[in-house]
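Asks: Numbering (full-length UniProt numbering), first residue to last: 2 to 241.
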Ligand code: F6R
């Protein structure tokens, strides 16, 4: 992977936002892979002031993941987060932005439906990724197959604790999720993994330089020919 060390998250946001703007200018039908959580927020923030005069009417987007069994109208469902942080502020067409369907009704075919939709859109051009402290990308927790497709997974206790800040308590964090698989992610044409802060340093080093292992799902990025890792000094601190 190409590793870019930036002074702070805001600088990373600008760098990646500019890459996304060039992509959309070159291809108004661009397909974006959208991440949630805290990490990509500076990218979405930087995009707000940079998309003026850019035709985004045909841009498509696919979120990485969603909680299972959360009401879609819950403010922390990834459907709500993507609407609030991405679709509305950037003026994207909500019909063209998809989030995996985490409703229990139809959950058994939601993963296959999502895979088909990504293929029908022509695949993802640029996939934004964060990384969990346990090394997950998407919600592919340790033990995920490198060939996996979009499917239901169980969140680790670590991830539920890490995400408790978005809920009233850790008990309110859903136990399950539906996530693009590592195989799905690896089919995107360009992976852009972002990480900020000391807490991510170990996961970043393991993903970028460690052995390829399902125990550290982020290491799957080493299989991809076009990966850009954008980190601040703290998140880069364990890299050799
Ligand atoms: C979010 C996702 C996760 C997060 C990861 C880091 O869609 O797929 O892999 O990127 O849990 O979360 P933050 O950015 O909140 O530290």
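The C-beta atom is built at its ideal place from N, Cα and C for all residues, glycine as well.
Keep in mind it's a predicted model, so treat the numbers as computed, not measured.
Please give me, in chain order, every unbroken run of the alpha helix (DSSP H) with length at least 4 that falls completely inside the stretch 44-82.
Replies: If we require 4 residues or more, the stretch 44-82 turns out to have no alpha helix (DSSP H) run fully inside it.
Asks: What I want to know is whether the C-beta of residue 115 ends up closer than 8 Å to one or more non-hydrogen atoms of ligand 1.
Replies: As a working note, residue 115 is residue 114 in the chain shown. Flag unset: Cβ of residue 115 not near ligand 1.
Asks: Grouping DSSP H, G and I as helix and E and B as strand, with all else coil, what is residue 152?
Replies: For the purposes of this step, residue 152 is identified with residue 151 of the chain shown, where counting begins at 1. Strand at residue 152.
Asks: Spatial neighbours of residue 143 within its chain, please: CB distance less than 8 Å, with the 5 preceding and 5 following residues excluded, ordered by chain position.
Replies: As a first step, residue 143 must be located in the chain shown, where it is residue number 142. Excluding residues within five positions, the ones whose Cβ falls inside 8 Å are 135, 136, 137, 157, 215, 216, 217 and 218.
Asks: Once the 5 residues before and after residue 140 are set aside, which same chain residues still bring their CB inside 6 Å of it?
Replies: Along the chain shown, one-based indexing puts residue 140 at 139. Excluding sequence neighbours, residue 140 sits near 66, 154, 178 and 180.
Asks: Evaluate residue 78 with the Cβ neighbour count: other Cβ atoms within 10 Å of its Cβ, from every protein chain shown; 16 or more gives buried, anything less gives exposed.
Replies: Position 77 of the chain shown, counting from 1, holds the residue named residue 78. So residue 78 counts as buried.
Asks: Apart from the five residues on each side of it in sequence, which residues of its chain come closer than 7 Å, Cβ to Cβ, to residue 15?
Replies: One-based indexing of the chain shown puts residue 15 at position 14. If we look at residue 15 and ignore the five residues flanking it on each side, its Cβ neighbours are 47.
Asks: Hey, how far is the Cα of residue 230 from the Cα of residue 100?
Replies: Translated into positions along the chain shown, residue 230 becomes position 229. Translated into positions along the chain shown, residue 100 becomes position 99. C-alpha separation (whole angstroms): 24 Å.
Asks: Going by other Cβ atoms of all chains shown within 10 Å of its Cβ, with 16 needed for buried, is residue 200 buried or exposed?
Replies: For the purposes of this step, residue 200 is identified with residue 199 of the chain shown, where counting begins at 1. With fewer than 16 other Cβ atoms within 10 Å, it is exposed.
Asks: With respect to the beta strand (DSSP E) encompassing residue 196, which residues constitute its N-terminal and C-terminal limits?
Replies: In the chain shown, counting from the first residue as 1, residue 196 sits at position 195. Its beta strand (DSSP E) spans residues 191-196.
Asks: Going by the DSSP bridge assignment, what does residue 128 pair with across the sheet?
Replies: Taking the chain shown and counting its residues from 1, one reaches residue 128 at position 127. Answer is 34 and 192, bridged to residue 128.
Asks: Just reading off the beta strand (DSSP E) that residue 177 is part of, what are its end residues?
Replies: Here residue 177 refers to the residue found at position 176 when the chain shown is read from its first residue. Residue 177 -> beta strand (DSSP E) spans 177-180.
Asks: May I ask you to report which of helix, strand or coil DSSP gives residue 228?
Replies: On the chain shown, position 227 is the one that residue 228 refers to. The answer is strand: DSSP assigns residue 228 an E or B state.
Asks: So does the stretch 112-127 actually touch the stretch 28-39, counting three or more Cβ pairs closer than 8 Å?
Replies: These segments touch.
Asks: Using only the alpha-carbon positions, how far apart do residue 41 and residue 24 sit?
Replies: Numbered from its first residue, the chain shown carries residue 41 at position 40. Numbered from its first residue, the chain shown carries residue 24 at position 23. The alpha-carbon atoms of residue 41 and residue 24 are separated by roughly 17 Å.
Asks: How is residue 94 classed by DSSP in three states: helix, strand or coil?
Replies: Sequence index remark: in the chain shown, residue 94 carries index 93 (1-based). Three-state DSSP puts residue 94 in coil, outside helix and strand.
Asks: Return the bridge partner residues of residue 5 from the DSSP annotation.
Replies: By 1-based counting over the chain shown, the position of residue 5 is 4. According to DSSP, which records beta bridges pairwise, residue 5 is partnered with 231.
Asks: Can you give the beta carbon distance from residue 212 to residue 220, rounded, assuming they're within the 8 Å contact cut?
Replies: On the chain shown, position 211 is the one that residue 212 refers to. On the chain shown, position 219 is the one that residue 220 refers to. Yes, they are in contact, since the Cβ atoms of residue 212 and residue 220 sit about 7 Å apart, within 8 Å.
Asks: Could you check whether residue 120 and residue 94 sit closer than 9 Å to each other, using their CB atoms as the reference points?
Replies: Residue 94 sits at position 93 when you count from the first residue of the chain shown. Residue 120 sits at position 119 when you count from the first residue of the chain shown. Against a cut-off of 9 Å, the Cβ pair of residue 120 and residue 94 comes out as no contact.
Asks: Pull up the DSSP beta-bridge partners for residue 99, would you.
Replies: What you label residue 99 is simply residue 98 of the chain shown in a count that begins at 1. Note: residue 99 sits in a beta bridge opposite 63.
Asks: For a test of your reading of the model: does the CB of residue 201 fall under 8 Å from any non-hydrogen atom of ligand 1? Yes or no.
Replies: As a position in the chain shown, residue 201 is number 200, starting the count at 1. Checking every heavy atom of ligand 1 against the Cβ of residue 201, one is found closer than 8 Å.
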